[in-house]
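In my numbering, the protein residues as written are 31 to 543.
Beta carbons: idealized from backbone N, C-alpha and C, even for Gly.
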(Lines of atoms letter the chains of each structure in order from A and count residues from 1; the text may use other names and numbers.)
(Lines give C-alpha, C1' and ligand atoms only; values in the text may rest on other atoms or scores of the structure.)
Protein backbone atom coordinates (compact mmCIF):
# COMPACT_ATOMS: atom_id res chain seq x y z
CA UNK A 1 0.00 0.00 0.00
CA UNK A 2 1.18 3.56 -0.73
CA UNK A 3 2.45 5.67 2.16
CA UNK A 4 2.83 9.44 2.56
CA UNK A 5 4.97 11.64 4.81
CA UNK A 6 3.57 14.82 6.31
CA UNK A 7 5.95 17.39 7.82
CA UNK A 8 4.73 20.26 10.00
CA UNK A 9 7.33 22.92 10.80
CA UNK A 10 5.98 24.86 13.76
CA UNK A 11 7.18 27.80 15.79
CA UNK A 12 8.48 25.69 18.67
CA UNK A 13 8.74 22.20 17.17
CA UNK A 14 8.64 20.19 13.97
CA UNK A 15 6.46 17.10 13.68
CA UNK A 16 6.34 14.34 11.08
CA UNK A 17 3.92 11.50 10.45
CA UNK A 18 3.95 8.55 8.07
CA UNK A 19 0.50 7.29 7.09
CA UNK A 20 -0.79 4.78 4.58
CA UNK A 21 -3.37 5.56 1.91
CA UNK A 22 -6.21 4.64 4.28
CA UNK A 23 -5.03 7.20 6.84
CA UNK A 24 -3.56 4.68 9.28
CA UNK A 25 -0.70 6.19 11.27
CA UNK A 26 2.45 4.11 10.86
CA UNK A 27 4.98 6.29 12.69
CA UNK A 28 5.47 9.80 14.06
CA UNK A 29 8.21 12.00 15.52
CA UNK A 30 8.84 15.51 16.80
CA UNK A 31 11.74 17.83 17.58
CA UNK A 32 11.58 20.97 19.75
CA UNK A 33 13.52 24.24 19.46
CA UNK A 34 13.28 27.89 20.50
CA UNK A 35 12.49 31.25 18.94
CA UNK A 36 15.23 33.92 19.02
CA UNK A 37 14.02 37.18 20.59
CA UNK A 38 16.93 39.65 20.37
CA UNK A 39 14.82 42.67 21.37
CA UNK A 40 11.29 43.49 22.54
CA UNK A 41 8.72 42.68 19.84
CA UNK A 42 11.36 40.81 17.79
CA UNK A 43 10.94 37.12 16.90
CA UNK A 44 13.19 35.37 14.41
CA UNK A 45 14.58 31.96 13.49
CA UNK A 46 17.45 30.67 11.37
CA UNK A 47 16.26 28.09 8.83
CA UNK A 48 19.02 25.65 9.77
CA UNK A 49 17.01 24.94 12.94
CA UNK A 50 14.07 23.81 10.78
CA UNK A 51 16.21 21.80 8.37
CA UNK A 52 17.89 19.88 11.20
CA UNK A 53 14.51 19.21 12.81
CA UNK A 54 13.08 17.93 9.52
CA UNK A 55 16.00 15.55 9.11
CA UNK A 56 15.63 14.33 12.68
CA UNK A 57 11.88 13.69 12.30
CA UNK A 58 12.21 11.88 8.98
CA UNK A 59 14.91 9.61 10.40
CA UNK A 60 12.83 8.87 13.50
CA UNK A 61 9.75 8.03 11.42
CA UNK A 62 11.71 5.72 9.10
CA UNK A 63 13.36 3.95 12.03
CA UNK A 64 9.96 2.50 12.98
CA UNK A 65 9.19 0.86 9.60
CA UNK A 66 10.66 -1.89 7.45
CA UNK A 67 12.38 -1.57 4.08
CA UNK A 68 9.29 -2.69 2.16
CA UNK A 69 7.20 0.10 3.67
CA UNK A 70 10.01 2.58 3.02
CA UNK A 71 9.95 1.68 -0.66
CA UNK A 72 6.18 2.32 -0.74
CA UNK A 73 6.48 6.00 0.28
CA UNK A 74 4.94 7.91 -2.62
CA UNK A 75 5.10 11.53 -1.52
CA UNK A 76 6.11 14.09 1.12
CA UNK A 77 4.29 17.37 1.83
CA UNK A 78 5.34 20.32 4.01
CA UNK A 79 3.21 22.38 6.37
CA UNK A 80 4.96 25.33 7.99
CA UNK A 81 4.53 28.28 10.30
CA UNK A 82 3.83 31.64 8.71
CA UNK A 83 7.32 32.79 7.84
CA UNK A 84 6.62 36.54 7.75
CA UNK A 85 9.41 38.11 5.74
CA UNK A 86 10.57 34.77 4.42
CA UNK A 87 14.20 33.70 4.49
CA UNK A 88 16.48 35.98 2.45
CA UNK A 89 18.90 33.77 0.53
CA UNK A 90 21.71 34.73 -1.83
CA UNK A 91 22.41 33.50 -5.36
CA UNK A 92 23.91 30.32 -3.88
CA UNK A 93 20.73 29.84 -1.78
CA UNK A 94 22.62 30.53 1.46
CA UNK A 95 20.55 32.21 4.21
CA UNK A 96 21.65 35.80 4.82
CA UNK A 97 19.50 36.71 7.82
CA UNK A 98 17.08 35.03 10.24
CA UNK A 99 13.49 34.78 9.10
CA UNK A 100 11.31 37.46 10.73
CA UNK A 101 8.45 35.16 11.72
CA UNK A 102 4.78 35.94 12.28
CA UNK A 103 5.31 36.99 15.92
CA UNK A 104 7.79 39.72 14.99
CA UNK A 105 6.37 43.25 15.23
CA UNK A 106 9.42 45.42 14.52
CA UNK A 107 8.05 46.81 11.23
CA UNK A 108 5.64 49.37 12.71
CA UNK A 109 7.25 52.32 10.89
CA UNK A 110 7.04 50.43 7.60
CA UNK A 111 3.36 49.67 8.18
CA UNK A 112 2.70 53.35 8.81
CA UNK A 113 4.57 54.28 5.61
CA UNK A 114 2.28 51.98 3.61
CA UNK A 115 -0.80 53.56 5.23
CA UNK A 116 0.39 57.02 4.27
CA UNK A 117 1.70 56.32 0.76
CA UNK A 118 -0.57 53.56 -0.56
CA UNK A 119 -3.59 53.55 1.72
CA UNK A 120 -5.68 50.82 3.26
CA UNK A 121 -8.54 50.98 0.76
CA UNK A 122 -6.35 50.41 -2.31
CA UNK A 123 -4.26 47.72 -0.68
CA UNK A 124 -7.29 45.87 0.65
CA UNK A 125 -9.06 46.00 -2.72
CA UNK A 126 -6.10 44.23 -4.36
CA UNK A 127 -4.95 41.87 -1.62
CA UNK A 128 -8.03 41.30 0.57
CA UNK A 129 -5.82 42.11 3.56
CA UNK A 130 -4.97 45.01 5.82
CA UNK A 131 -1.86 46.89 6.90
CA UNK A 132 -0.06 45.75 10.02
CA UNK A 133 3.44 44.76 11.09
CA UNK A 134 2.15 41.18 11.39
CA UNK A 135 2.15 40.85 7.60
CA UNK A 136 5.21 39.67 5.73
CA UNK A 137 5.28 42.57 3.28
CA UNK A 138 6.00 45.06 6.10
CA UNK A 139 8.80 42.82 7.37
CA UNK A 140 10.24 42.68 3.85
CA UNK A 141 10.25 46.48 3.82
CA UNK A 142 12.05 46.45 7.20
CA UNK A 143 14.81 44.25 5.75
CA UNK A 144 15.03 46.53 2.74
CA UNK A 145 15.44 49.64 4.88
CA UNK A 146 17.37 48.37 7.90
CA UNK A 147 19.55 45.65 6.37
CA UNK A 148 20.62 47.15 3.02
CA UNK A 149 23.64 44.84 2.85
CA UNK A 150 21.36 41.81 3.16
CA UNK A 151 18.83 43.29 0.73
CA UNK A 152 21.47 43.94 -1.92
CA UNK A 153 22.59 40.29 -1.82
CA UNK A 154 19.10 38.74 -1.57
CA UNK A 155 18.16 36.55 -4.53
CA UNK A 156 14.93 35.14 -3.09
CA UNK A 157 12.68 35.57 -0.07
CA UNK A 158 11.41 32.08 0.73
CA UNK A 159 8.73 31.00 3.23
CA UNK A 160 9.78 28.05 5.41
CA UNK A 161 8.04 25.35 3.38
CA UNK A 162 9.54 26.72 0.15
CA UNK A 163 13.00 26.76 1.69
CA UNK A 164 12.73 23.16 2.93
CA UNK A 165 11.31 22.11 -0.45
CA UNK A 166 14.36 23.70 -2.11
CA UNK A 167 16.69 21.87 0.30
CA UNK A 168 15.06 18.59 -0.72
CA UNK A 169 14.69 19.20 -4.45
CA UNK A 170 16.86 22.10 -5.60
CA UNK A 171 13.70 23.70 -7.08
CA UNK A 172 12.23 27.09 -6.10
CA UNK A 173 8.45 27.42 -5.79
CA UNK A 174 5.85 28.97 -3.50
CA UNK A 175 2.27 27.90 -2.79
CA UNK A 176 -0.65 30.30 -2.98
CA UNK A 177 -1.49 30.12 0.74
CA UNK A 178 2.03 31.23 1.70
CA UNK A 179 2.12 33.91 -1.00
CA UNK A 180 -1.28 35.26 0.00
CA UNK A 181 -0.39 35.33 3.68
CA UNK A 182 2.48 37.74 2.93
CA UNK A 183 -0.30 40.24 2.46
CA UNK A 184 0.21 43.56 0.64
CA UNK A 185 1.99 42.31 -2.53
CA UNK A 186 -0.27 39.38 -3.56
CA UNK A 187 -3.33 40.04 -5.74
CA UNK A 188 -5.85 37.74 -4.13
CA UNK A 189 -8.41 37.68 -6.96
CA UNK A 190 -5.83 37.13 -9.71
CA UNK A 191 -3.88 34.63 -7.55
CA UNK A 192 -0.52 36.16 -8.43
CA UNK A 193 1.93 38.89 -7.35
CA UNK A 194 0.61 42.44 -7.66
CA UNK A 195 3.01 44.36 -9.88
CA UNK A 196 1.25 47.61 -8.95
CA UNK A 197 1.93 47.17 -5.24
CA UNK A 198 5.43 45.76 -5.76
CA UNK A 199 6.29 48.88 -7.75
CA UNK A 200 4.75 51.13 -5.11
CA UNK A 201 6.93 49.51 -2.44
CA UNK A 202 10.03 49.22 -4.65
CA UNK A 203 10.21 45.45 -4.19
CA UNK A 204 11.61 43.74 -7.31
CA UNK A 205 9.35 40.87 -8.37
CA UNK A 206 12.38 38.71 -9.12
CA UNK A 207 13.18 38.56 -5.40
CA UNK A 208 10.02 36.45 -5.06
CA UNK A 209 9.56 32.92 -6.38
CA UNK A 210 8.16 33.18 -9.89
CA UNK A 211 6.58 29.73 -9.75
CA UNK A 212 3.30 29.92 -7.80
CA UNK A 213 1.64 26.51 -7.41
CA UNK A 214 -1.23 24.81 -5.58
CA UNK A 215 -0.58 23.24 -2.18
CA UNK A 216 -1.02 19.72 -3.58
CA UNK A 217 1.38 20.36 -6.47
CA UNK A 218 4.86 18.86 -6.75
CA UNK A 219 7.59 21.42 -6.09
CA UNK A 220 10.25 18.99 -7.30
CA UNK A 221 11.69 15.55 -6.69
CA UNK A 222 14.06 14.40 -3.97
CA UNK A 223 17.68 14.81 -4.98
CA UNK A 224 19.70 11.61 -5.35
CA UNK A 225 22.31 12.39 -2.70
CA UNK A 226 19.62 13.31 -0.15
CA UNK A 227 17.62 10.16 -0.88
CA UNK A 228 20.55 8.11 0.32
CA UNK A 229 21.21 10.35 3.35
CA UNK A 230 17.58 10.46 4.47
CA UNK A 231 16.71 6.88 3.54
CA UNK A 232 13.85 7.93 1.27
CA UNK A 233 13.11 6.69 -2.27
CA UNK A 234 15.13 8.48 -4.94
CA UNK A 235 13.05 10.96 -6.93
CA UNK A 236 10.30 11.07 -4.27
CA UNK A 237 7.73 13.78 -5.17
CA UNK A 238 7.93 16.72 -2.74
CA UNK A 239 4.59 18.53 -2.51
CA UNK A 240 4.83 22.21 -1.61
CA UNK A 241 2.12 22.27 1.12
CA UNK A 242 1.40 25.60 2.76
CA UNK A 243 0.57 27.59 5.89
CA UNK A 244 0.09 25.43 8.99
CA UNK A 245 -3.12 27.08 10.25
CA UNK A 246 -4.89 26.31 6.97
CA UNK A 247 -3.49 22.77 6.79
CA UNK A 248 -4.53 22.12 10.40
CA UNK A 249 -7.99 23.39 9.45
CA UNK A 250 -8.05 20.95 6.53
CA UNK A 251 -6.88 18.16 8.84
CA UNK A 252 -9.93 18.87 11.00
CA UNK A 253 -12.15 18.02 8.03
CA UNK A 254 -12.96 21.50 6.75
CA UNK A 255 -13.84 21.09 3.08
CA UNK A 256 -16.89 23.37 2.73
CA UNK A 257 -17.96 26.90 3.72
CA UNK A 258 -19.38 27.26 7.23
CA UNK A 259 -17.06 24.83 8.98
CA UNK A 260 -14.64 26.58 11.32
CA UNK A 261 -11.63 25.64 13.41
CA UNK A 262 -9.55 27.20 16.18
CA UNK A 263 -5.91 26.18 16.30
CA UNK A 264 -4.35 26.55 19.75
CA UNK A 265 -0.62 26.40 19.23
CA UNK A 266 1.93 29.03 20.21
CA UNK A 267 -0.65 31.44 18.84
CA UNK A 268 -4.38 31.07 18.32
CA UNK A 269 -5.78 31.01 14.78
CA UNK A 270 -9.50 30.77 14.16
CA UNK A 271 -10.62 30.39 10.58
CA UNK A 272 -13.12 29.14 8.01
CA UNK A 273 -13.25 28.78 4.24
CA UNK A 274 -15.27 31.04 2.02
CA UNK A 275 -16.20 31.16 -1.66
CA UNK A 276 -17.19 34.84 -1.54
CA UNK A 277 -15.04 37.68 -2.87
CA UNK A 278 -16.20 39.96 -0.05
CA UNK A 279 -13.38 39.99 2.52
CA UNK A 280 -14.51 40.68 6.10
CA UNK A 281 -12.84 43.64 7.72
CA UNK A 282 -10.08 42.79 10.16
CA UNK A 283 -9.43 39.16 9.16
CA UNK A 284 -6.55 37.70 7.15
CA UNK A 285 -7.41 36.16 3.77
CA UNK A 286 -5.45 33.86 1.46
CA UNK A 287 -6.17 30.92 -0.87
CA UNK A 288 -7.10 27.71 0.92
CA UNK A 289 -4.81 24.69 0.72
CA UNK A 290 -7.52 22.59 -0.97
CA UNK A 291 -9.21 23.89 -4.12
CA UNK A 292 -7.47 27.23 -3.54
CA UNK A 293 -8.55 28.63 -6.90
CA UNK A 294 -12.12 28.53 -5.59
CA UNK A 295 -11.88 28.86 -1.81
CA UNK A 296 -10.29 31.49 0.39
CA UNK A 297 -9.24 30.86 3.97
CA UNK A 298 -10.32 33.66 6.32
CA UNK A 299 -8.79 33.77 9.77
CA UNK A 300 -8.08 35.89 12.77
CA UNK A 301 -6.20 35.16 15.91
CA UNK A 302 -4.25 35.99 19.02
CA UNK A 303 -0.47 36.24 18.88
CA UNK A 304 -0.09 34.33 22.14
CA UNK A 305 -2.19 31.35 23.21
CA UNK A 306 0.03 28.40 24.03
CA UNK A 307 2.75 31.06 24.16
CA UNK A 308 0.93 32.68 27.10
CA UNK A 309 0.63 29.29 28.79
CA UNK A 310 4.37 28.61 28.33
CA UNK A 311 5.22 32.08 29.64
CA UNK A 312 3.10 31.55 32.76
CA UNK A 313 4.44 28.03 33.33
CA UNK A 314 8.08 29.03 33.06
CA UNK A 315 7.77 32.01 35.39
CA UNK A 316 5.28 30.84 38.00
CA UNK A 317 5.62 27.05 38.13
CA UNK A 318 8.96 25.97 36.69
CA UNK A 319 11.18 27.73 39.30
CA UNK A 320 9.35 25.98 42.14
CA UNK A 321 9.36 22.55 40.45
CA UNK A 322 12.46 22.24 38.22
CA UNK A 323 12.36 18.48 38.61
CA UNK A 324 8.94 18.06 36.97
CA UNK A 325 8.39 17.34 33.28
CA UNK A 326 6.25 19.69 31.18
CA UNK A 327 3.37 17.19 31.33
CA UNK A 328 3.60 17.03 35.13
CA UNK A 329 3.73 20.80 35.40
CA UNK A 330 0.67 21.19 33.19
CA UNK A 331 -1.20 18.63 35.26
CA UNK A 332 -0.47 20.66 38.40
CA UNK A 333 -1.41 23.94 36.69
CA UNK A 334 -4.69 22.52 35.42
CA UNK A 335 -5.63 21.17 38.85
CA UNK A 336 -5.03 24.54 40.53
CA UNK A 337 -6.96 26.44 37.86
CA UNK A 338 -9.85 23.94 37.94
CA UNK A 339 -10.17 24.51 41.69
CA UNK A 340 -10.98 28.20 41.08
CA UNK A 341 -14.45 29.31 39.93
CA UNK A 342 -15.34 30.60 36.44
CA UNK A 343 -14.16 34.21 35.94
CA UNK A 344 -11.41 33.49 38.51
CA UNK A 345 -13.04 35.42 41.32
CA UNK A 346 -13.23 38.63 39.30
CA UNK A 347 -9.86 38.45 37.51
CA UNK A 348 -9.48 39.23 33.80
CA UNK A 349 -6.42 38.73 31.57
CA UNK A 350 -5.70 40.49 28.29
CA UNK A 351 -3.38 38.04 26.45
CA UNK A 352 -1.44 40.64 24.43
CA UNK A 353 2.08 39.51 25.35
CA UNK A 354 3.48 40.26 21.86
CA UNK A 355 1.07 42.96 20.78
CA UNK A 356 -2.08 41.63 19.17
CA UNK A 357 -3.43 40.55 15.82
CA UNK A 358 -7.11 40.63 14.89
CA UNK A 359 -9.40 42.27 15.57
CA UNK A 360 -7.22 44.63 17.65
CA UNK A 361 -4.28 44.98 15.20
CA UNK A 362 -1.98 46.79 17.58
CA UNK A 363 1.70 45.91 17.89
CA UNK A 364 1.95 48.04 21.04
CA UNK A 365 -0.93 46.43 22.87
CA UNK A 366 0.29 44.72 26.02
CA UNK A 367 -0.97 42.08 28.40
CA UNK A 368 -2.68 42.88 31.69
CA UNK A 369 -4.22 41.21 34.71
CA UNK A 370 -7.13 43.42 35.78
CA UNK A 371 -9.00 43.01 39.05
CA UNK A 372 -6.07 41.47 40.94
CA UNK A 373 -6.53 41.32 44.72
CA UNK A 374 -5.18 39.63 47.82
CA UNK A 375 -7.74 36.87 47.41
CA UNK A 376 -6.11 35.67 44.19
CA UNK A 377 -3.54 32.90 44.03
CA UNK A 378 -1.53 31.26 41.30
CA UNK A 379 -4.46 29.08 40.22
CA UNK A 380 -6.63 32.16 39.72
CA UNK A 381 -4.00 33.76 37.52
CA UNK A 382 -3.61 30.66 35.39
CA UNK A 383 -7.36 30.24 34.97
CA UNK A 384 -7.51 33.90 33.91
CA UNK A 385 -4.85 33.19 31.25
CA UNK A 386 -6.95 30.35 29.81
CA UNK A 387 -10.10 32.46 29.96
CA UNK A 388 -8.33 35.44 28.37
CA UNK A 389 -7.32 33.42 25.30
CA UNK A 390 -10.89 32.07 25.10
CA UNK A 391 -12.14 35.68 25.14
CA UNK A 392 -9.74 36.52 22.29
CA UNK A 393 -11.14 33.56 20.35
CA UNK A 394 -14.71 34.75 20.82
CA UNK A 395 -13.65 38.30 19.88
CA UNK A 396 -12.42 36.95 16.53
CA UNK A 397 -15.50 34.80 15.95
CA UNK A 398 -17.72 37.82 16.54
CA UNK A 399 -15.58 40.01 14.25
CA UNK A 400 -15.62 37.42 11.46
CA UNK A 401 -19.31 36.57 11.62
CA UNK A 402 -21.24 38.97 9.43
CA UNK A 403 -24.66 38.64 7.78
CA UNK A 404 -23.18 36.67 4.87
CA UNK A 405 -21.19 34.24 7.04
CA UNK A 406 -23.08 31.25 8.36
CA UNK A 407 -21.00 29.12 10.71
CA UNK A 408 -21.68 25.62 11.99
CA UNK A 409 -22.81 25.45 15.59
CA UNK A 410 -19.92 23.20 16.54
CA UNK A 411 -16.41 24.56 16.94
CA UNK A 412 -13.46 22.27 16.19
CA UNK A 413 -10.30 22.93 18.23
CA UNK A 414 -6.89 21.58 17.22
CA UNK A 415 -3.32 22.08 18.42
CA UNK A 416 -1.51 21.45 21.69
CA UNK A 417 -4.07 23.42 23.69
CA UNK A 418 -6.71 20.83 22.81
CA UNK A 419 -5.05 18.44 25.29
CA UNK A 420 -6.46 20.50 28.17
CA UNK A 421 -9.92 19.36 29.30
CA UNK A 422 -10.31 22.53 31.37
CA UNK A 423 -9.46 24.82 28.46
CA UNK A 424 -11.91 23.01 26.16
CA UNK A 425 -14.68 23.51 28.74
CA UNK A 426 -13.81 27.19 29.16
CA UNK A 427 -13.91 27.70 25.38
CA UNK A 428 -17.30 25.96 25.16
CA UNK A 429 -18.65 28.19 27.94
CA UNK A 430 -17.20 31.42 26.54
CA UNK A 431 -18.23 30.80 22.89
CA UNK A 432 -21.48 28.98 23.76
CA UNK A 433 -20.63 26.27 21.22
CA UNK A 434 -20.05 22.54 21.40
CA UNK A 435 -16.30 21.91 21.19
CA UNK A 436 -14.92 19.00 19.15
CA UNK A 437 -11.32 17.84 18.86
CA UNK A 438 -9.47 15.37 16.65
CA UNK A 439 -8.87 11.99 18.25
CA UNK A 440 -5.67 11.44 16.22
CA UNK A 441 -3.83 14.47 17.69
CA UNK A 442 -1.41 14.81 14.75
CA UNK A 443 -3.33 17.54 12.93
CA UNK A 444 -1.27 19.72 10.53
CA UNK A 445 1.26 16.95 9.83
CA UNK A 446 -1.62 14.59 9.04
CA UNK A 447 -3.20 17.24 6.81
CA UNK A 448 0.10 17.58 4.95
CA UNK A 449 0.26 13.82 4.43
CA UNK A 450 -3.27 13.85 3.02
CA UNK A 451 -2.37 16.71 0.65
CA UNK A 452 0.54 14.58 -0.60
CA UNK A 453 -1.86 11.70 -1.22
CA UNK A 454 -4.29 13.97 -3.06
CA UNK A 455 -1.45 15.46 -5.11
CA UNK A 456 -0.29 11.95 -6.02
CA UNK A 457 -3.79 11.09 -7.22
CA UNK A 458 -4.03 8.16 -4.81
CA UNK A 459 -6.30 9.67 -2.14
CA UNK A 460 -9.45 11.78 -2.47
CA UNK A 461 -10.22 14.85 -0.40
CA UNK A 462 -13.29 13.02 0.94
CA UNK A 463 -10.93 10.56 2.64
CA UNK A 464 -10.59 13.08 5.47
CA UNK A 465 -14.15 12.11 6.46
CA UNK A 466 -13.73 8.45 5.57
CA UNK A 467 -11.26 7.26 8.17
CA UNK A 468 -8.35 9.69 8.22
CA UNK A 469 -9.71 11.62 11.20
CA UNK A 470 -12.27 11.04 13.93
CA UNK A 471 -13.86 13.99 15.70
CA UNK A 472 -14.90 13.67 19.33
CA UNK A 473 -17.06 16.02 21.38
CA UNK A 474 -14.98 17.32 24.28
CA UNK A 475 -17.21 19.93 25.91
CA UNK A 476 -20.65 21.51 25.75
CA UNK A 477 -21.67 24.92 27.14
CA UNK A 478 -22.78 24.90 30.76
CA UNK A 479 -25.88 27.05 31.16
CA UNK A 480 -24.94 27.96 34.72
CA UNK A 481 -21.80 29.77 33.51
CA UNK A 482 -23.25 31.56 30.47
CA UNK A 483 -24.25 34.83 32.11
CA UNK A 484 -20.97 35.20 34.04
CA UNK A 485 -18.89 34.64 30.95
CA UNK A 486 -21.08 36.97 28.90
CA UNK A 487 -20.46 39.71 31.48
CA UNK A 488 -16.73 38.95 31.49
CA UNK A 489 -16.60 39.11 27.69
CA UNK A 490 -18.29 42.52 27.68
CA UNK A 491 -15.64 43.76 30.11
CA UNK A 492 -12.93 42.20 27.93
CA UNK A 493 -14.22 44.13 24.90
CA UNK A 494 -14.30 47.39 26.86
CA UNK A 495 -10.88 47.11 28.50
CA UNK A 496 -8.52 47.38 25.55
CA UNK A 497 -9.83 50.73 24.20
CA UNK A 498 -9.57 52.17 27.71
CA UNK A 499 -6.05 50.84 28.36
CA UNK A 500 -4.66 51.45 24.87
CA UNK A 501 -3.21 54.96 25.42
CA UNK A 502 -1.64 53.88 28.71
CA UNK A 503 -0.17 50.75 27.11
CA UNK A 504 1.40 52.81 24.33
CA UNK A 505 2.91 55.24 26.82
CA UNK A 506 4.32 52.35 28.85
CA UNK A 507 5.85 50.86 25.68
CA UNK A 508 7.69 54.14 25.06
CA UNK A 509 8.79 54.34 28.68
CA UNK A 510 10.16 50.80 28.42
CA UNK A 511 12.12 51.66 25.29
CA UNK A 512 10.36 49.17 22.95
CA UNK A 513 11.17 49.67 19.29
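- In the structure shown, the three-state DSSP call for residue 460 is helix.
- In the DSSP annotation of this structure, the continuous segment of the beta strand (DSSP E) that includes residue 50 starts and ends at 43-50.
- Under the three-state reduction of DSSP output, residue 514 falls in the helix class.
- Using a Cβ-Cβ distance cut-off of 8 Å, the region 380-390 and the region 423-434 are in contact, since at least three pairs of beta carbons, one from each stretch, lie closer than that value.
- In this structure residue 102 is in contact with residue 32, their Cβ atoms being roughly 6 Å apart against a cut-off of 8 Å.
- Nearest C-alpha to residue 220 among 483, 325 and 79: 325.
- In the three-state DSSP reduction, residue 222 falls in the strand class (E or B).
- According to the DSSP assignment, residue 302 belongs to the beta strand (DSSP E) that extends over 298-304.
- Taken in chain order, the complete beta strand (DSSP E) segments of 3 or more residues contained in the region 251-283 are 267-273.
- Counting along the chain, residue 345 sits inside the alpha helix (DSSP H) bounded by residues 336-346.
- In this structure residue 536 is exposed. Its beta-carbon is surrounded by fewer than 16 other beta-carbon atoms within 10 angstroms.
- For the options 194, 281 and 181, the alpha carbon positioned closest to that of residue 468 is the one of 281.
- About 4 Å separates the beta carbon of residue 38 from that of residue 109, a gap short enough to meet the 8 Å contact definition.
- Nearest in C-alpha terms to residue 341, of all of 65, 40, 56 and 53, is 65.
- Sorting 451, 156, 371 and 391 by C-alpha distance to the C-alpha of residue 515 places 371 at the top.
- Scanning its chain for C-beta atoms nearer than 7 Å, with the 5 sequence neighbours on each side dropped, one finds around residue 213 the residues 157, 159, 165, 166 and 167, in chain order.
- Its chain contains 43 and 45 as the residues whose beta carbon lies nearer than 6 Å to that of residue 60, once the 5 sequence neighbours on both sides are disregarded; these appear in chain order.
- For residue 146, the enclosing alpha helix (DSSP H) begins and ends at 138-147.
- Under the three-state reduction of DSSP output, residue 499 falls in the coil class, being neither helix nor strand.
- For residue 425, the uninterrupted alpha helix (DSSP H) run begins and ends at 408-430, by DSSP.
- One Cα belongs to residue 107, the other to residue 489, and the distance between them is close to 14 Å.
- The count of Cβ pairs closer than 8 Å, one atom from the region 261-276 and one from the region 313-324, reaches three, so the stretches are in contact.
- Rounded to whole angstroms, the separation of the alpha carbons of residue 393 and residue 179 is 27 Å.
- Just measuring C-alpha positions, the residue of 175, 382, 199 and 475 sitting nearest residue 47 is 475.
- Annotation note: the region 157-206 contains the following uninterrupted beta strand (DSSP E) runs of length 3 or greater, listed N- to C-terminal: 186-188.
- Nearest to residue 104 by C-alpha distance, out of 266, 187 and 218, is 266.
- Under the three-state reduction of DSSP output, residue 112 falls in the coil class, being neither helix nor strand.
- Taken in chain order, the whole alpha helix (DSSP H) runs of length 4 or more contained in the region 436-492 are 451-461 and 473-485.
- DSSP places residue 235 outside any beta strand (DSSP E), giving it a letter other than H or E.
- Per DSSP, reduced to three states, the secondary structure at residue 527 is helical.
- Put simply, of 137, 407 and 74 the residue whose alpha carbon is nearest the alpha carbon of residue 172 is 137.
- Per DSSP, reduced to three states, the secondary structure at residue 494 is helical.
- Distance check between residue 530 and each of 520, 382 and 512 places 382 closest, using alpha-carbon atoms only.
- Ranked by Cα distance from residue 413, the first of 439, 83 and 363 is 363.
- A direct Cα-to-Cα measurement between residue 244 and residue 223 gives close to 15 Å.
- For residue 293, no alpha helix (DSSP H) run applies; the uninterrupted beta strand (DSSP E) run containing it begins and ends at 290-294, by DSSP.
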